[in-house]
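Trainee: Counting from 1, one number per residue, gives the positions in the sequence shown under UniProt numbering.
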Amino acid sequence: LAELQQYLKALPSNIPIPKESTYNFSNFSPDLDWTAEIGEAAAVNRELEVRFGSHAGGLKIMERGPETEAVVDVLETWIKKYPGDILLEKWTYDILEAARGL
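1) How would you call Tyr93, buried or exposed, if buried means at least 16 neighbouring beta carbons within 10 angstroms?
2) Measure the C-alpha to C-alpha separation of Leu88 and Val71 and round it to an integer number of angstroms.
3) Return yes when the Cβ of Ser13 is within less than 7 angstroms of the Cβ of Glu67, no when it is not.
4) For the pair the stretch 45-60 and the stretch 1-9, tell me if three or more CB-CB distances fall below 8 angstroms.
5) Do Leu8 and Glu69 have their CB atoms nearer than 7 angstroms?
6) Does the distance from the CB of Ala98 to the CB of Ile38 come in under 7 angstroms?
7) If you measure between the beta carbons of Arg64 and Leu11, is that distance less than 7 angstroms?
8) Excluding five sequence neighbours on each side, which residues of the same chain lie with their C-beta closer than 6 angstroms to the C-beta of Pro16?
9) Does Pro30 pass the burial test, meaning 16 or more other C-beta atoms within 10 Å, or should it be called exposed?
10) Within the same chain, show all residues whose beta-carbon is closer than 7 angstroms to that of Tyr82, passing over the 5 residues directly before and after it, in chain order.
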């Protein structure tokens, strides 16, 4: 997660810092209906899918700044709560790979 944090802080300046983030990771919580329906860890995964969009063709980081960087705190919180959850670990890997590719 520390490496991911560094990469997100160093995203290229041609990626915009929006006035209103579509990511909004500083205000992250899984949808309550999804949590009741599929469980908390799966709801976190679904919420990440909604915010990052489709993985088809690889995850793409569309904005930078504090709201994007806050995904590290989100992942840290939920990985601590659900250690070994393969979907959360895959999110960490996929976001890191997307950031490395920029």
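Built from N, CA and C at the ideal position, the CB exists for glycine as well. Keep in mind the model is a prediction, meaning the values are calculated, not measured.
Mentor: Reading it off the structure:
1) Your numbering for residue 93 matches position 93 in the sequence shown. The residue in question, Tyr93, is exposed, as its Cβ has fewer than 16 Cβ neighbours within 10 Å.
2) Counting from 1 along the sequence shown, the entry for residue 88 is found at position 88. Counting from 1 along the sequence shown, the entry for residue 71 is found at position 71. Looking at the two C-alpha atoms, the distance is approximately 11 angstroms.
3) Here residue 67 is taken as the residue at index 67 of the sequence shown, counted from 1. Here residue 13 is taken as the residue at index 13 of the sequence shown, counted from 1. Contact flag unset, no.
4) Taking 8 angstroms as the limit for Cβ pairs, the verdict is that the stretch 1-9 does not touch the stretch 45-60.
5) In the sequence shown, counting from the first residue as 1, residue 8 sits at position 8. In the sequence shown, counting from the first residue as 1, residue 69 sits at position 69. Between Leu8 and Glu69, the C-beta spacing is below 7 angstroms.
6) By 1-based counting over the sequence shown, the position of residue 98 is 98. By 1-based counting over the sequence shown, the position of residue 38 is 38. Their beta carbons are not under 7 angstroms apart, which means Ala98 does not touch Ile38 by this criterion.
7) What you label residue 64 is simply residue 64 of the sequence shown in a count that begins at 1. What you label residue 11 is simply residue 11 of the sequence shown in a count that begins at 1. In this structure, Leu11 lies closer than 7 angstroms to Arg64 by Cβ.
8) As a working note, residue 16 is residue 16 in the sequence shown. Result list for Pro16: Glu63, in chain order.
9) Translated into the one-based positions of the sequence shown, residue 30 becomes position 30. By the neighbour-count rule (16 or more Cβ atoms within 10 Å), Pro30 is buried.
10) Working through the sequence shown from its first residue, we reach residue 82 at position 82. Excluding residues within five positions, the ones whose Cβ falls inside 7 angstroms are Ala41, Leu88.
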